[in-house]
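Presented below is the structure to which this report refers.
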Amino acid sequence: MLRKWWQSPQLISARSKDRKISWLEVFSDLIYVIIFHSLTVGLMRETSILNTGKFLLLYLLIYWTWSEFNFYFDSHGDTSLRTTTLSVLQMAAIALATVYIPAFYESHFTSFILAFALNQLMITYLWWGSGHFDPQHYQYAHDHNRQYWIALGLELVAVVVPNQQIQILLLILAIVLNYSAGWFARKAAKAEFEQRHLEFTISPALSERYSQLMMIVMGESLAGLIDSMSEVNKTWETLLLFFVSAFLTLLIYLLFYINFDHLIPKNGYGWMYLYRESFIVIILNAVLEILFIHQMLFDPSKTTQLMLAITTVIMVLIMVLLPIWMGAGRKPDCWIWETGVKVAGLALILLALLVSFTWSIILITVGMGAIVAVEAIYQIDLNN
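Residue numbers for the sequence shown follow this note's numbering, beginning at 2 and rising by one.
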């Protein structure tokens, strides 16, 4: 009876290219609203180099968990009791790690590392099971999972090591191993997919998950802006800046939505790998940009002004150039006027470095708005 309910993972060959996002996936993403709140709150309390380094470590560990579980679910997930149970347990494991994020910011690393090791063990088990129950998938799953086992070992060693510098070094090594696992498994993946006559593609459901994570980041940022506004004196100037800041936050997501919502990357393992890994930078840059928007509104400084301009320029370049590189292409007859408007928009964003804090946010918003508008017009023209 148990074997009937506790089924083996779905075969990768049974993966549907056109599957829809499931309720279980939507449900599992809810925990990340709380996680990103904890991450940003910890960084906003102190934006020193040391605290920013802690934020980056936490972000890379948390994002890997989210991305890897989604990739596994897209390849092997279904609505069985096994998948549902393991999904809920994974949510509980990452929630447990989240409890210790404030302690991590205070340089008490051990509890978080131990809780995260449980999360690492679960993901490692999932990939092990996919190869154990499917002999054809064994080599790919083994090569993909090999570095996860090593990373798990490093995390467990870090738990018992009393030296904080060594703990951080072991965490960094574990992060490198986790993120490079897919690259080192590429040969086995290509051999298996060729044998099974499968193509490396990004399913619409997986693409939608990335959009959903971006919405979580945007929602958390708007909630932070609204919450902070309740604690300040509401003058016409602060209300205007709040409106502009909220609008700039929405423009970031709108630029992402316009260029990535219907993006279909080129087929191939390399393009699939690039698509997945590019979101490490996209989500990180979005989180930092929104943090700097918040600081420009409530605690402005020249450093924050510079960082907001830099992260905005990076976001524009990624959002515009990456889809072109990954297969969307561009209509030649639009290049001249389109490029001119974008250059003008970037110039306004950079000009924001030379003006007051208030005008800086306004210029960045106007520049971003111009770029978003021309991208929207291009997409409308492309679809007609």
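For every residue, glycine included, the Cβ atom is placed at its ideal position computed from N, Cα and C.
Under the rule that a run must span 4 or more residues, the alpha helix (DSSP H) segments found entirely inside the region 159-223 read 165-185, 187-197.
Taking C-beta atoms under 8 Å as the contact rule, L354 and Q306 qualify, at a distance of about 6 Å. Secondary structure note for F257: its alpha helix (DSSP H) is the uninterrupted segment 237-261.
For A94, the enclosing alpha helix (DSSP H) covers residues 82-100. Put simply, the backbone Cα of V161 is about 23 Å away from that of L51. Comparing alpha-carbon positions, the option among N234, L207, Y270 lying closest to H263 turns out to be L207.
Unbroken alpha helix (DSSP H) stretches of 4 residues or longer found wholly inside the region 252-314: 270-299, given in chain order.
In this chain, Q137 is not harboured by any alpha helix (DSSP H), its DSSP state being neither H nor E. By a beta-carbon distance limit of 8 Å, W24 does not contact Y73. Their separation comes to about 18 Å. Between the region 237-254 and the region 163-178 there are fewer than three inter-stretch CB-CB distances shorter than 8 Å, so the stretches are not counted as touching. Between F105 and L59 a beta carbon distance of about 6 Å is seen, short of the 8 Å cut, so the two are scored as contacting.
Taking the C-beta atoms as reference points, Q140 is found nearer than 8 Å to A189. Distance from the CA of H77 to the CA of I36, rounded to the nearest whole angstrom, comes to 25 Å. Annotation: S39 to D228 spans about 15 Å, alpha carbon to alpha carbon. Contact check for Y276 against F201 fails: the beta carbons are separated by 8 Å or more. Judged by DSSP in its simplified three-state form, L31 adopts coil rather than helix or strand.
CA-CA distance, D144 to F113, rounds to 27 Å.
With a cutoff of 8 Å on beta-carbon distance, I372 and L256 are scored as near each other.
Listed in chain order, the non-local C-beta contacts of L62 below 7 Å within the same chain comprise F117, I176, local neighbours out to five positions each way being set aside.
Taking a 10 Å sphere around the C-beta of F244, we find fewer than 16 other C-beta atoms and assign the residue as exposed.
Around I337, the same chain offers no residue with a beta carbon nearer than 8 Å, after the five sequence neighbours per side are excluded. Residue Y180 holds the alpha-carbon nearest to the alpha-carbon of W67 among Y180, S81, Q165.
For L178, same chain residues with a beta-carbon under 8 Å away, outside a window of 5 residues either side, are Q148, Y149, I151, A152, L155 in chain order. Proximity to L322 across R46, L251, K343 peaks at K343, based on C-alpha coordinates. Annotation for L355: no alpha helix (DSSP H) segment contains it, and DSSP assigns it neither H nor E. Under the three-state reduction of DSSP output, K55 falls in the helix class. Relative to E47, the option among Y258, M316, D300 whose CA is nearest is D300. With 16 or more neighbouring CB atoms inside 10 Å of its own CB, E69 falls in the buried class. Excluding five sequence positions before and after T125, the CB atoms of its chain that fall closer than 8 Å to its own CB belong to N146, Y149, W150, L153, given in chain order. Nearest Cα to I350 within the set T340, V367, E339: V367.
By the Cβ-count criterion, V288 is buried, with 16 or more other Cβ atoms from all chains shown falling within 10 Å of its own Cβ.
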